[in-house]
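Going letter by letter, the sequence shown gives residues 399 to 641 in my numbering.
Some notes on the structure that comes next.
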Amino acid sequence: MNQIAFTIFGVDVAWYGIIISFGMILGVVVASIRANRAGLHSDTIVDMSIVAIPLAIIGARVYYFVFTYNPEIHSLLDVFSFRSGGLAIHGGLIGGVLGGYLFTKYKNIYFWKLADIVAPSIILGQAIGRWGNYVNQEAHGGPTDLPWAIEVNGEMVHPTFLYESLWNIGVFVFLLVYSKKKKVTGEVFLLYIALYSLGRIFIEGLRTDSLMLGQFRVAQLISVALILAAFGIRHILIRKKTH
């Protein structure tokens, strides 16, 4: 599969970057609509994105290279060139949340309110972004004879990118519905963290390219920690609301 969509002024534009960018743009649009309904101006989402998205990309790349040795990396520019993939979602989440938090402090906006607004957009962007892995023939699983297997390097394997994309779409729909029933501000974002992590734990076990820490898959360890943290913070927020 050709990873390059087109070339402009001698610069190759990769499908991976186009797909990731489309997911981000659609996420901003959805979050802007939700912000208006929540009493915030849509410009708030655009302004926050200008801060959060670059930090998310930096976080995703730094996280990836912390756990991956790549002999083709010769300069700092190589580290932050993501045309060929190499974005770790957990790192992106850390960078994006940091950017969002700093933005809310600067604008004097309640962090958890804004987090609830953007949570469905984040998981939607992730669902779309996983198709960039398909184009790059990465983030797939091991051999299988299931009818929905895909061929990678002459071998039929689990399309784990597809499993995660479908799971993320399901979480996106659930969060939109649950937003109307939430018990406390911040719960929607925390449910996003917990549900995404739950799916990642199981899907990661099928992958053949997991980032490793010794004998353990980094994504599974981080996901377990995030689930525990999400429910712990949710409990604290509910207690604060009722006292």
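Note that the Cβ used here is the ideal one computed from N, Cα and C, for glycine as well.
query	result
Express the C-alpha separation of R637 and A578 in angstroms, rounding to a whole number.	Ala is not the amino acid found at residue 578; the sequence shown has Lys there. So the two alpha carbons sit approximately 20 Å from each other.
Note down, in chain order, each residue of its chain lying with its Cβ closer than 7 Å to the Cβ of A623, except the 5 sequence neighbours on either side.	none
Check each candidate in P518, K639, I591 and name the one with the smallest Cα separation from G421.	P518
DSSP state of L604, grouped into three classes?	coil
Mark P557 as exposed unless 16 or more other C-beta atoms lie within 10 angstroms of its C-beta, in which case mark it buried.	buried
Identify which residue in G540, T640, V586 has its Cα closest to the Cα of I601.	G540
In the DSSP assignment, find the alpha helix (DSSP H) that holds D441 and state where it starts and stops.	440-464
Which word fits T640, buried or exposed, when buried means at least 16 other C-beta atoms lie within 10 angstroms of its C-beta?	exposed
Find the nearest neighbour of D514 within the set R435, F614, I402, judged by alpha-carbon distance.	R435
Just the C-alpha distance for V411 and G584, rounded to the nearest angstrom, thanks.	38 Å
Does the beta-carbon of V464 have 16 or more other beta-carbons within 10 angstroms, so that it is buried, or is it exposed?	exposed
Could you please give the first and the last residue of the uninterrupted alpha helix (DSSP H) stretch that includes I418?	413-435
Within this structure, are the beta carbons of L596 and I625 separated by less than 8 Å?	yes
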